[in-house]
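To start, the structure under review is shown below, and the notes come after it.
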Amino acid sequence: DAGITQSPRHKVTETGTPVTLRCHQTENHRYMYWYRQDPGHGLRLIHYSYGVKDTDKGEVSDGYSVSRSKTEDFLLTLESATSSQTSVYFCAISEGRYSYEQYFGPGTRLTVT
Amino acid sequence: SQQGEEDPQALSIQEGENATMNCSYKTSINNLQWYRQNSGRGLVHLILIRSNEREKHSGRLRVTLDTSKKSSSLLITASRAADTASYFCATDGQGGSEKLVFGKGTKLTVNP
Chain A
1 DAGITQSPRH KVTETGTPVT LRCHQTENHR YMYWYRQDPG HGLRLIHYSY GVKDTDKGEV
61 SDGYSVSRSK TEDFLLTLES ATSSQTSVYF CAISEGRYSY EQYFGPGTRL TVT
Chain B
114 SQQGEEDPQA LSIQEGENAT MNCSYKTSIN NLQWYRQNSG RGLVHLILIR SNEREKHSGR
174 LRVTLDTSKK SSSLLITASR AADTASYFCA TDGQGGSEKL VFGKGTKLTV NP
């Protein structure tokens, strides 16, 4: 298995509070991605990174920010959590662009009450 | 917006039967990938097929790609209960972006 960990694995938080999810990799892959998975919507890209300090928006980036200060860590922050951000969040990594397979982390289940 | 769309949404078969899932997409692609997701787990890459390939095999998996119809199929032969999972196709976006766009998946149940 690719060396990807996500923390925390489960979190319950209240509306309006900030939340940070962490993705850590030991593969030294250049690309890192954050997705959310919701019933009826499949997997949707939130943000991705193509190098240290290089990030870009995905399909559903509103309400989320990311940072990547080291190759191995990619942080996803919900500045002020809302109930619509209740979801399962997956981090993924890949060596290169779309022609490369993506390796997924185990996921973080976030509940915003 | 979703690029790939899997069909059917759900499929239930008996162990030993073959399972076929289809994926249709809207714009031209460079490659198409299939992933599997077991309940409560992350996605696992199964196979990648490039736009200039028509068929690819990996163990009990066979993937076809028809770029003229903008469609792909995933065939799992001699299915096992352990194949029970959701299966997703993913395509690179129009113009070859860095991003993969995933479909909503086919939920396969293999009954023992």
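Here the protein sequences line up with chains A and B, keeping their order. Counting from 1, one number per residue, gives the positions in the first sequence under the working numbering. Counting from 114, one number per residue, gives the positions in the second sequence under the working numbering. Just so you know, even glycine gets a beta-carbon here, dropped at the ideal spot from N, CA and C. Keep in mind it's a predicted model, so treat the numbers as computed, not measured.
Between the region 159 to 177 of chain B and the region 121 to 129 of chain B there are fewer than three inter-stretch CB-CB distances shorter than 8 Å, so the stretches are not counted as touching. Boundaries of the beta strand (DSSP E) harbouring Y33 of chain A: Y31 to D38, taken from the DSSP string. In the structure shown, D62 of chain A falls within a coil segment according to DSSP collapsed to helix, strand and coil.
Closest in alpha carbon position to L178 of chain B, among B:L145, B:Q127 and B:L213, is B:L145.
Secondary structure of A195 of chain B (DSSP, three-state): helix.
Residue burial annotation: S152 of chain B is exposed, with fewer than 16 other C-beta atoms found within 10 angstroms of its C-beta.
With contacts defined by Cβ atoms closer than 9 Å, T204 of chain B and G117 of chain B form a contacting pair.
Contact check for F74 of chain A and G155 of chain B: beta-carbon distance about 15 Å, past the 8 Å limit, so the pair fails to qualify. Within the region 167 to 181 of chain B, no residue places its CB atom closer than 8 Å to a CB of chain A.
Taking the C-beta atoms as reference points, N131 of chain B is found nearer than 9 Å to T190 of chain B.
Among the bridge pairs identified by DSSP, H47 of chain A is matched with A:W34 and A:K57.
Inter-residue distance for V214 of chain B and L45 of chain A is about 8 Å (C-alpha atoms, whole angstroms).
Straight-line measurement puts the Cα of P18 of chain A at about 5 Å from the Cα of S80 of chain A. Taking 9 Å as the cut-off, the beta carbon of S49 of chain A is found closer than this to the beta carbon of D56 of chain A. Look at P8 of chain A: its C-beta is not under 9 Å from any C-beta on chain B. The alpha-carbon separation between Y200 of chain B and Q85 of chain A amounts to approximately 24 Å. Taking CB atoms only, N143 of chain B has a neighbour in chain A less than 9 Å away.
One finds N143 and N144 in chain B with Cβ atoms closer than 7 Å to the Cβ of S99 of chain A, taken in chain order. Assignment of beta-bridge partners to Y200 of chain B by DSSP yields B:R149 and B:T219. Taking CB atoms only, K212 of chain B has a neighbour in chain A less than 9 Å away. S7 of chain A is classed as exposed because its beta carbon has fewer than 16 other beta carbons within 10 Å across all chains shown.
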